[in-house]
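Step one of this worksheet: look at the structure below.
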Amino acid sequence: MFNKLSIIIPCYNSEKTLSEAVSSIYRQNILIDFEIILVDDYSLDRTKKIMVELSDRYYQIKCFFHEKNLGGGAARNTGVKFSDGDCIFCLDSDDVLGDNSLSRMISFLDEKKCDGVLFEKNIYFKRKINNVISVVNNKFSNKAVIIDDLFDEKKTFLTLVNFLYTRKAYLEVGGYPEHHDFDTQHFGYKFLSKDLEAFVCQGAIYYQRINNYKSYFQRVYEKGEMSLNMYYIYEDIIDRFSSGVISEIYDYDIFGKNKLCVDELGAHINALYLNNKLNFFKRKNGTYVDRNEWTDLFVQAIKSYKEGKYAESIDIYKKIAFLHGCGKIMVMNLVRNYLALSNIYDINVVEKVAIKTLEEMKIKKQKIKNLYPFLVKIFNFFKKYYDK
Numbered sequence: 001m002f003n004k005l006s007i008i009i010p011c012y013n014s015e016k017t018l019s020e021a022v023s024s025i026y027r028q029n030i031l032i033d034f035e036i037i038l039v040d041d042y043s044l045d046r047t048k049k050i051m052v053e054l055s056d057r058y059y060q061i062k063c064f065f066h067e068k069n070l071g072g073g074a075a076r077n078t079g080v081k082f083s084d085g086d087c088i089f090c091l092d093s094d095d096v097l098g099d100n101s102l103s104r105m106i107s108f109l110d111e112k113k114c115d116g117v118l119f120e121k122n123i124y125f126k127r128k129i130n131n132v133i134s135v136v137n138n139k140f141s142n143k144a145v146i147i148d149d150l151f152d153e154k155k156t157f158l159t160l161v162n163f164l165y166t167r168k169a170y171l172e173v174g175g176y177p178e179h180h181d182f183d184t185q186h187f188g189y190k191f192l193s194k195d196l197e198a199f200v201c202q203g204a205i206y207y208q209r210i211n212n213y214k215s216y217f218q219r220v221y222e223k224g225e226m227s228l229n230m231y232y233i234y235e236d237i238i239d240r241f242s243s244g245v246i247s248e249i250y251d252y253d254i255f256g257k258n259k260l261c262v263d264e265l266g267a268h269i270n271a272l273y274l275n276n277k278l279n280f281f282k283r284k285n286g287t288y289v290d291r292n293e294w295t296d297l298f299v300q301a302i303k304s305y306k307e308g309k310y311a312e313s314i315d316i317y318k319k320i321a322f323l324h325g326c327g328k329i330m331v332m333n334l335v336r337n338y339l340a341l342s343n344i345y346d347i348n349v350v351e352k353v354a355i356k357t358l359e360e361m362k363i364k365k366q367k368i369k370n371l372y373p374f375l376v377k378i379f380n381f382f383k384k385y386y387d388k
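The opening position of the sequence shown corresponds to residue 1 in the UniProt record's numbering, with each subsequent residue numbered one higher.
Right, here's the structure in full:
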């Protein structure tokens, strides 16, 4: 049996919805010890004041405050860092839990001896939970969700909402990414790529609010970054894919202005899966057979970057250029490696600066004067590929 549940709520400009989210927790009939960790991500409204008021009202609530806006992934990681439960659930500050859903999920997690538990229903609502816009039913009932299911658009909404998981699973996944906007989705993909087990808990309901302001999906789409965010996700599970799928990812124009769910990278990879399921995955996780196979080198280059071996990663990309040629993803990865190698930025900031640099490369050649000197050389050499 689990001893304690940690509920993490990342908050940003949540003055109108936070109290409702917290109130829904106290309708869960949780039978084990629990704590609520509120993490403010540098809100500009009355969120901080409301957090303190809630902590005065409920002894289970602890508050933490970021001194600058770091994003949802960072807020979730901060919450987990200062929590001590052996099972964890993240609730968005504008969403609501169906009554008794968490108590059902905790019991189910213990019964199944698994790593995570999903909601059966995701109900989209506007303003009040009885104003239902749409309902999504999870298609699974008696079997565990596996990584294959993430690429079948008809089957799962695992990566669209939060779910309950063990602290051990969180540590194995490595937490939430902090360098891009799809932190919840990224966590779900990486969770299943580790072959961790998740089941659907019948009767568990998650209410997801549709706000009047633009969702992060809309904002990312309008910035033309849907494919870029999906690339970051695939990059973290790249060793699960077959050479053919890796080639498709590498050659895809992730910087193009793509149509949502039509011609962006995620839709493209899902279509590949549906058309050729048997040859989609490399079943032996992390096994590199032919060191001259450029797709295996690409996997190794990513691995070297993640491990902080930036010079090694750069050398591998040079080999890839010889074997397969240079594309936009290579340019991005070279810029990331050189920025990281310079020790000018924290690694999470490197990702954002790299994209800003690439945007400048697209605008005018005169912008080159704004780049760091060590980037000028690769700018001149690779700009012809980036502009194709």
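Glycine included, C-beta positions come from ideal geometry on N, C-alpha and C. Just so we're clear, the structure is a prediction, and the values are computed from it rather than from any experiment.
Legend entry - Backbone CA spacing between Ile320 and Val80 [nearest angstrom]: Val80 has its alpha-carbon roughly 39 Å from the corresponding atom of Ile320.
*asked:* So, with DSSP's three-state summary, where would you put Lys367?
replied: Confidence in Lys367 is poor, its pLDDT being 46 and thus under 50, which makes the residue's placement unreliable; the coordinate value appears in the next sentence. Helix, per DSSP.
Report, in whole angstroms, the separation of the C-beta atoms of Met105 and Leu164, which I expect to be a contact under 8 Å. With a beta-carbon spacing of about 5 Å, Met105 and Leu164 fall inside the 8 Å limit used to define contacts.
message: Please report the straight-line C-alpha distance between Ser23 and Val39, rounded to a whole angstrom.
response: 17 Å
Notebook entry, point to check: Is Leu297 close to chain D, meaning its C-beta is less than 8 Å from at least one C-beta of that chain?
Noted result: Looking at the structure shown, chain D is missing, and only one protein chain is on hand.
**Study point:** Identified DSSP bridge partners for Ile37
**Key:** Ile8 and Lys62
Checklist entry - What is the rounded straight-line gap between the Cα of Leu341 and the Cα of Tyr12? => result 33 Å
May I ask you to list the residues that DSSP assigns as paired with Arg209? Phe125
### Integer-rounded CB distance, given that Lys328 should sit under 8 Å from Asp253
At roughly 6 Å, the Cβ-Cβ gap stays under 8 Å, so Asp253 and Lys328 are in contact.
### Message
Rounded to whole angstroms, what is the Cα-Cα separation between Leu5 and Asp84?
### Response
8 Å
**Asked** How would you label Ser14, buried or exposed, when you count the other beta carbons within 10 angstroms and need 16 or more for buried?
**Response** buried
**OP:** Would you list, in sequence order, the uninterrupted beta strand (DSSP E) runs of no fewer than 3 residues that lie entirely inside the stretch 126 to 201?
**Re:** 128 to 137 and 164 to 166
Counting pairs of Cβ atoms below 8 Å between the stretch 169 to 183 and the stretch 343 to 361, do you hit three or more? yes
| Cα-Cα separation, Lys365 to Cys201 | Only weak support exists for where Lys365 lies, its pLDDT of 46 falling under 50; the value from the coordinates is given anyway. Cα to Cα, Lys365 sits roughly 55 Å from Cys201.
*asked:* Can you check which of these residues, Asp41, Ile61, Leu339 and Met332, is closest to Leu70 by C-alpha distance?
replied: Asp41
Would the beta-carbon of Asp33 fall within 8 Å of that of Asn3?
Taking 8 Å as the cut-off, the Cβ atoms of Asp33 and Asn3 count as close.
**Message:** For Trp294, which residues in the same chain have their Cβ closer than 7 Å to its Cβ, ignoring the five residues on either side in sequence?
**Reply:** Ile320, Leu323 and His324
Worksheet entry | Closest Cα partner of Ala204 within the set Ile246, Asp86 and Asn122 | Asn122
Practice item. Please state if the CB of Lys282 and the CB of Asp239 are separated by a distance shorter than 8 Å. Key: yes
Is the Cβ-Cβ distance between Leu18 and Ser93 less than 8 Å? yes
- request: Please state whether DSSP places Phe280 in a helix, a strand or coil.
  value: In the structure shown, Phe280 sits in coil (DSSP, three-state: anything other than H, G, I, E or B).
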